[in-house]
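Numbering (the numbering used here), first residue to last: 28 to 160.
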Amino acid sequence: MITFVDTNVLLDVFLPDPDWGLKSKKNLEIAFNQGALILNEIIYSELSPQFPEKEMLDDALRQLSIRIVSLDLEVAYHAGKKWQQYRKTGGKRNRVLADFLIGAHAAMRSEKLLTRDRGFYKKYFKELDIQYE
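Below is the structure:
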């Protein structure tokens with residue numbers, strides 16, 4: 028089982044968030060016990076402001092056994108189509124394309140997405156199995 032991990036879950040654990048930290052840590056442990064954990068360059072870049080040195084971020088991800096899986100053109104195309112659908116149905120430009128790249132990547136390269144942002148991903152990526160208890 029491959030689980031794609033969203034930024035919000037990792038920030039909950041790394042900061043740690045007083046409200047969500049323990050719950051996100053537990054969800055991360057469950058996903059780890061089910062198989063591989065992955066993220067992409069977008070998640071990596073969203074995490075980077077919290078780490079003064081690149082090596083510190085790399086070490087934190089290594090300690091959690093999280094692999095970075097790069098985006099590819101198939102994922103990028105799928106994300107663009109989902110964003111187009113969003114815009115055609117009245118979606119505002121304030122929902123950034125990065126969220127669609129994350130959703131498309133998770134849908135195409137993993138079995139589950141670990142995120143607290145269920146509403147958005149369920150609406151635009153119905154094929155995704157969202158994990159967060």
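Backbone N, C-alpha and C fix where the C-beta goes; we use that ideal spot for every residue, glycine too.
Exercise. Would you be able to state if there are at least three C-beta pairs under 8 Å between the region 35-52 and the region 137-154?
Key: yes
Exercise. Identify whether R120 lies in helix, strand or coil by the three-state DSSP scheme.
Key: coil
Quiz item: Which of the three DSSP states, helix, strand or coil, is assigned to F78?
Solution: coil
Self-check item: Distance, E80 Cα to V40 Cα
Solution: 18 Å
Exercise. Evaluate N60 with the Cβ neighbour count: other Cβ atoms within 10 Å of its Cβ, from every protein chain shown; 16 or more gives buried, anything less gives exposed.
Key: exposed
Quiz item: For H132, which residues of its own chain have a beta-carbon under 7 Å away from its beta-carbon, when the five flanking residues on both sides are left out?
Solution: F31, N67, L98 and V102
Exercise. May I ask you to report which of helix, strand or coil DSSP gives L100?
Key: helix
Quiz item: Which partner residues of Q158 appear in the DSSP bridge assignment?
Solution: L141
Practice problem: Leaving aside the five residues before and after E138 along the sequence, list all residues of the same chain whose C-beta is less than 6 Å from its C-beta, in chain order. | Solution: M28 and I29
Self-check item: For L37 and M83, the rounded distance between their alpha carbons
Solution: 14 Å
Practice problem: Sort E56, G130 and N35 by Cα distance to K153 and report the nearest one. | Solution: G130
Quiz item: What do you get for Y113, buried or exposed, if any count of 16 or more other CB atoms within 10 angstroms of its CB means buried?
Solution: buried
Quiz item: Under the DSSP definition of a beta bridge, which residues are partnered with A63?
Solution: I29
Practice problem: Taking all protein chains shown into account, decide if D176 is buried (16 or more other Cβ within 10 angstroms of its Cβ) or exposed. | Solution: The question about residue 176 has no answer, for the chain in this structure spans 28 to 160.
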